[in-house]
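Engineer: I'd like to ask some things about the structure below.
2 protein chains.
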Amino acid sequence: MTFSAPAQKLAAYASLSATEVGVMGALSEGRLQSYSRGRDIVLQGQSLKTMFIIVEGWAMRYKTLADGRRQILSFLVAGDVCDPYCFLLHKADHSIGTITDVTTVTVDRGTMEDIVLAHPGLAKAMWVNALVTASIQREWCVSIGQRTAFERLSHLFCEMYSRLEVVGLAQEGRCAFPVNQYDLADATGMTAVHVNRVLQELRNRGLIQLQRPDLFIPDLIRLQTVALFDPLYLHPKPRESDAREAMHEQ
Amino acid sequence: MTFSAPAQKLAAYASLSATEVGVMGALSEGRLQSYSRGRDIVLQGQSLKTMFIIVEGWAMRYKTLADGRRQILSFLVAGDVCDPYCFLLHKADHSIGTITDVTTVTVDRGTMEDIVLAHPGLAKAMWVNALVTASIQREWCVSIGQRTAFERLSHLFCEMYSRLEVVGLAQEGRCAFPVNQYDLADATGMTAVHVNRVLQELRNRGLIQLQRPDLFIPDLIRLQTVALFDPLYLHPKPRESDAREAMHEQ
DNA sequence: CGGCTCTTTGACTGAACTCAATAGTCGTGG
DNA sequence: CCACGACTATTGAGTTCAGTCAAAGAGCCG
Chain R
1 MTFSAPAQKL
11 AAYASLSATE
21 VGVMGALSEG
31 RLQSYSRGRD
41 IVLQGQSLKT
51 MFIIVEGWAM
61 RYKTLADGRR
71 QILSFLVAGD
81 VCDPYCFLLH
91 KADHSIGTIT
101 DVTTVTVDRG
111 TMEDIVLAHP
121 GLAKAMWVNA
131 LVTASIQREW
141 CVSIGQRTAF
151 ERLSHLFCEM
161 YSRLEVVGLA
171 QEGRCAFPVN
181 QYDLADATGM
191 TAVHVNRVLQ
201 ELRNRGLIQL
211 QRPDLFIPDL
221 IRLQTVALFD
231 PLYLHPKPRE
241 SDAREAMHEQ
Chain Y
1001 MTFSAPAQKL
1011 AAYASLSATE
1021 VGVMGALSEG
1031 RLQSYSRGRD
1041 IVLQGQSLKT
1051 MFIIVEGWAM
1061 RYKTLADGRR
1071 QILSFLVAGD
1081 VCDPYCFLLH
1091 KADHSIGTIT
1101 DVTTVTVDRG
1111 TMEDIVLAHP
1121 GLAKAMWVNA
1131 LVTASIQREW
1141 CVSIGQRTAF
1151 ERLSHLFCEM
1161 YSRLEVVGLA
1171 QEGRCAFPVN
1181 QYDLADATGM
1191 TAVHVNRVLQ
1201 ELRNRGLIQL
1211 QRPDLFIPDL
1221 IRLQTVALFD
1231 PLYLHPKPRE
1241 SDAREAMHEQ
């Protein structure tokens, strides 16, 4: 069920009690808001009053320079909190725009503060979530700074596939990928023309099948290998089964 | 006094009571540790047990790829917390190494948790600090992805000058900048050769004077202009005087 | 059937990289 | 006091990856 994505996402980072999952569920039935594609949800410089959590659709974090150059900093999918910092920082230092039609839950400061005080498990999960977001940002720096164009795109596909899998939106190598080549270019620090050529190479080498908005990765391991993808930076919570094994090993 | 840098840094993000400043001061006299230049303080993949705050010297956050390529993610100076996430994340997703000789305060989880519970103002400042760190990381993505080599280096000088100013280590256009051209290259995603050439251009245009480890910026505004530097992303706390003016305006 | 958005292609250019060599700078030890 | 090595900065020449400019297809929708 799509509406539980926020809960599913947070549960990936910290164990939540049934009550806490329930609270997140209730939230999701709260103030839903829709945005059509190509709109802005938050603008650079705006003061932050409410928190948005994506329930459905894709959005992006981005910054623009004075002369119009734009860097996309992250893609946001179901379960992602757009602005976990709204409690503490006064002004948005970047914008958030939609890539597809998007549905969000809007939670205002007060409500969130109450929830967080009442449910420490949720508070912890929120913070872990923010820290993982920071880790992802660091990995993007590595990609843009060090990886070749080919590795960079591969890595992005690996990352989004992993993140979508956590919220149940990817399986058997298939997931949505509704990003056009202009946005892909601004996310990877390349030009759209070059993105196009590198995508062709990825396709020719059989690493991906991409017909917007559908992505199919025939062999995830192989793609991860050429991308130099190491999932550590996503800080996956060890699976229950893995945890059990680890205990036995001790 | 150098030892108060951590307190000074945190005070820049949230108002601290005299007691809280005192606590930070006491901390700084606690477990000091020295590292010679070129050492690693934390290694990618290590489990995190203690928190380090830089008291003196320069360090860097970095990640390496399997084949040895390295991306420097951030420079750390007095007052910077190396790993604010050590409470919540289990493994370091990147390494921290020293650039100069470095002195740190070591605070273990337990101590920090006690302090944070007893002093909510400090807790808040710590979180704001973590969020600003994330914002800086986003700006680095913008630099590497969109700015030209020339703008990128200029921007880095502007950023470090601002950050050093906050902890009283920069004034009248002068501050330390002990980073060699190889590290500068890995921080900006360029090669050392190209860094060298761009630095020459910066010098020729009179924008900087750099004789390691001393940096002099004759005209900060001019450098900020060519760098497309907008300090918003550092989330400076409005000065008391500015705050008063803002109130009068209302 | 336009009109829009997005993708693809071709030809040319240029910013930044590679490789390789040279030149300072500094501390150490003979 | 000088020689030496380690490290860093600088320079030159040739190469390449990715960008620019411009145009042509594809797909979709009203």
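Sequences listed follow chains R and Y, in order.
All residue numbers for the first sequence refer to the numbering used here, where the first residue is 1 and numbers rise by one.
All residue numbers for the second sequence refer to the numbering used here, where the first residue is 1001 and numbers rise by one.
Cβ coordinates follow ideal geometry from the N, Cα and C atoms, glycine included.
All of these numbers come straight from a predicted model, not from anything done at the bench.
Across the region 125–133 of chain R and the region 6–14 of chain R, are there enough close Cβ pairs to call them in contact, namely three or more that are closer than 8 Å?
Structural biologist: Yes: at least three Cβ pairs fall under 8 Å.
Engineer: Please classify R:Leu-79 as buried or exposed, where buried requires at least 16 other C-beta atoms within 10 Å of its C-beta.
Structural biologist: Checking the sequence shown, residue 79 of chain R turns out to be Gly, not Leu. Label assigned to R:Gly-79: buried.
Engineer: Looking at the C-beta of R:Ile-53, does it have a partner C-beta in chain Y at a distance below 7 Å?
Structural biologist: No, because no Cβ of chain Y sits closer than 7 Å to the Cβ of R:Ile-53.
Engineer: What would DSSP say about R:Gln-44, mapped onto helix, strand or coil?
Structural biologist: Reduced to three states, the DSSP call for R:Gln-44 is coil.
Engineer: Near Y:Ile-1115, which residues of its chain fall below 7 Å by C-beta distance, leaving aside the five closest residues on each side in sequence?
Structural biologist: Here the set comprises Val-1023 and Leu-1122.
Engineer: Go ahead and pull the three-state DSSP assignment for Y:Cys-1082.
Structural biologist: In this structure, Y:Cys-1082 counts as coil in the three-state DSSP scheme.
Engineer: Could you tell me if Y:Ile-1072 is buried or exposed, where buried requires 16 or more neighbouring beta carbons within 10 angstroms of its beta carbon?
Structural biologist: Y:Ile-1072 comes out buried.
Engineer: Shorter than 7 Å from the beta carbon of R:Val-198 to some beta carbon of chain Y?
Structural biologist: No, its Cβ sits nowhere closer than 7 Å to a Cβ of chain Y.
Engineer: Measure from the C-beta of Y:Leu-1010 to each C-beta in chain R and report whether the shortest distance is under 7 Å.
Structural biologist: So, not an interface residue.
Engineer: Which whole-angstrom value describes the C-beta separation of R:Leu-220 and R:Ser-154, a residue pair presumed to lie in contact below a C-beta threshold of 8 Å?
Structural biologist: Contact flag wrong, Cβ pair sits at about 11 Å.
Engineer: Once DSSP output is grouped into helix, strand and coil, what is the label at Y:Glu-1249?
Structural biologist: For Y:Glu-1249, the predicted model reports a pLDDT of 43, less than 50, meaning its position is unreliable and no value from the coordinates is stated.
Engineer: Mapping DSSP to helix, strand and coil, what is Y:Ser-1143?
Structural biologist: Of the three classes helix, strand and coil, the one that applies to Y:Ser-1143 here is helix, per DSSP.
Engineer: Answer with buried or exposed for R:Asp-108, where buried requires no fewer than 16 other C-beta atoms within 10 angstroms of its C-beta.
Structural biologist: Exposed.
Engineer: Identify the continuous alpha helix (DSSP H) that holds R:Met-160 and give its terminal residues.
Structural biologist: Taken as a continuous stretch (DSSP letters only), the alpha helix (DSSP H) holding R:Met-160 covers 149–166.
Engineer: Got a sec: is the Cβ-Cβ distance from R:Trp-140 to anything in chain Y below 7 Å?
Structural biologist: Output row for R:Trp-140: interface = yes.
Engineer: Taking buried to mean at least 16 other C-beta atoms within 10 Å of its own C-beta, is Y:Lys-1063 buried or exposed?
Structural biologist: So Y:Lys-1063 ends up on the buried side.
Engineer: With distance defined between alpha-carbon atoms, name the residue in R:Phe-229, R:Ile-96 and R:Gln-200 nearest to R:Ile-54.
Structural biologist: Selected option, being the one with the closest Cα: R:Ile-96.
Engineer: Against R:Lys-252, what residues of chain Y qualify as contacts under a CB-to-CB distance less than 7 Å, listed in chain order?
Structural biologist: There is simply no residue 252 of chain R to check, as chain R begins at 1 and stops at 250 in what is shown.
Engineer: Along the region 1134–1163 of chain Y, where does the CB come closer than 7 Å to a CB of chain R? Name the residues.
Structural biologist: Here the close residues are Ala-1134, Ser-1135, Gln-1137, Arg-1138, Trp-1140, Cys-1141, Val-1142, Ile-1144, Gly-1145 and Gln-1146.
Engineer: Going by DSSP in three states, Y:Tyr-1035 sits in which element: helix, strand or coil?
Structural biologist: Strand at Y:Tyr-1035.
Engineer: Out of Y:Tyr-1182, Y:Asp-1214, Y:Val-1105 and Y:Leu-1076, which has the shortest C-alpha to C-alpha gap to Y:Gly-1173?
Structural biologist: Cα-wise, what sits closest to Y:Gly-1173 is Y:Asp-1214.
Engineer: If R:Val-21 sits next to R:Glu-56, beta carbons under 8 Å apart, how far is it from one beta carbon to the other, in whole angstroms?
Structural biologist: Actually they are not in contact, since the Cβ atoms of R:Val-21 and R:Glu-56 sit about 19 Å apart, beyond 8 Å.
Engineer: Between which two residues does the beta strand (DSSP E) containing R:Arg-61 stretch?
Structural biologist: Its beta strand (DSSP E) spans residues 59–64.
Engineer: Alpha carbons only, please: which of Y:Leu-1032, Y:Val-1132, Y:Ser-1162 and Y:Arg-1147 is nearest the one belonging to R:Pro-84?
Structural biologist: Nearest C-alpha to R:Pro-84: Y:Val-1132.
Engineer: Tell me the DSSP bridge mates of R:Ile-96?
Structural biologist: DSSP, once it has assigned bridges, lists R:Val-42 and R:Arg-61 as partnering R:Ile-96.
Engineer: Could you give the first and the last residue of the continuous alpha helix (DSSP H) run that contains Y:Val-1055?
Structural biologist: Taken as a continuous stretch (DSSP letters only), Y:Val-1055 belongs to no alpha helix (DSSP H), being part of the beta strand (DSSP E) at 1050–1056.
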